[in-house]
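Our numbering applies: residue 12 is where the sequence shown begins, and numbers increase by one.
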Amino acid sequence: MTWVVDASVAVKWVVPEALSDNADRLLASGEELVAPDLLPVEAANALWKKTTRKELAPREADQALALLFASGLVLQPTGPLLARAMALAHRLRHPVYDCVYLALAERERARFVTADARFTRRIVAKRFRARVVDLASV
């Protein structure tokens, strides 16, 4: 089975947080894990925020990002997903950058896993073809 993971999941692979154990189980599952090539940018931003809040040293954030790239996550080009992501964003009234993950899940007929409860609720309410899974249930 293929899973589309977003940055909220991937960051938990490299920095201990709530639900990191769930994220680690998914990473260790042997399932194919894919994401749009936007993910490293979002993850790097999340890691940078942790440095500004003094949760991580800059060196630790750099190491975490390197670990993310070594995770085996398969990155797919974002460009071809943008038109669908924009349509989803309008329908969901949710940011395009999050909807890129949903567009990838639809295209790949994959499960989409996220730790973003607000986004999960919006997707479920609209009954999209992609199956969304809250990381808490993994």
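Yeah, the Cβ is synthetic: ideal placement off N, Cα and C, and Gly gets one too.
Since this is a predicted model, take the numbers as computed values, not measurements.
Taking residue i and residue j to be in contact with their CB atoms under 8 Å, please state how far apart those CB atoms are, rounded to whole angstroms.
i   : j    : result
P51 : L78  : The Cβ separation is near 12 Å, so there is no contact.
Q74 : V45  : With a Cβ gap of about 24 Å, Q74 and V45 do not count as contacting.
N33 : A136 : Going by Cβ atoms, the distance from N33 to A136 rounds to 23 Å, so no, they are not a contact pair.
Sorted by chain position, which residues of the same chain lie with C-beta nearer than 8 Å to residue i's C-beta, five sequence neighbours on each side aside?
i   : result
A68 : T62
From residue i to residue j, what does the alpha carbon distance come to, in whole angstroms?
i    : j    : result
V85  : P47  : 8 Å
A126 : A54  : 13 Å
W59  : A21  : 15 Å
R95  : R129 : 20 Å
R70  : A100 : 35 Å
S31  : L37  : 10 Å
P106 : K23  : 21 Å
V25  : L76  : 8 Å
R120 : E42  : 14 Å
V15  : T131 : 13 Å
V149 : A39  : 12 Å
M12  : D35  : 17 Å
A72  : E66  : 10 Å
R104 : T89  : 20 Å
Y108 : M97  : 9 Å
E28  : R102 : 31 Å
R138 : V111 : 17 Å
Could you pull the start and end residues of the beta strand (DSSP E) that residue i belongs to?
i    : result
D109 : Careful: D109 lies outside any beta strand (DSSP E), inside the alpha helix (DSSP H) at 107-119.
R122 : 122-125
Where does the unbroken alpha helix (DSSP H) through residue i begin, and where does it stop?
i    : result
E53  : 50-63
A96  : 93-103
P27  : Premise fails: P27 is in no alpha helix (DSSP H) and is neither H nor E.
T131 : 128-137
Excluding the 5 residues flanking residue i on each side, which residues of the same chain have their C-beta closer than 6 Å to its C-beta?
i    : result
V144 : R122, V124
G83  : none
R142 : R122
Take residue i and list the residues in its own chain whose beta-carbon comes closer than 7 Å to its own, dropping the five residues that flank it on each side.
i    : result
A154 : Because the chain spans 12 through 149 in this model, residue 154 falls outside it and cannot be assessed.
Output yes or no for whether 8 Å exceeds the beta carbon distance between residue i and residue j.
i    : j    : result
L92  : R64  : no
I134 : L113 : yes
For residue i and chain B, any beta-carbon pair shorter than 8 Å?
i   : result
A72 : Going by chain labels, chain B is absent from the structure shown, which holds only one protein chain.
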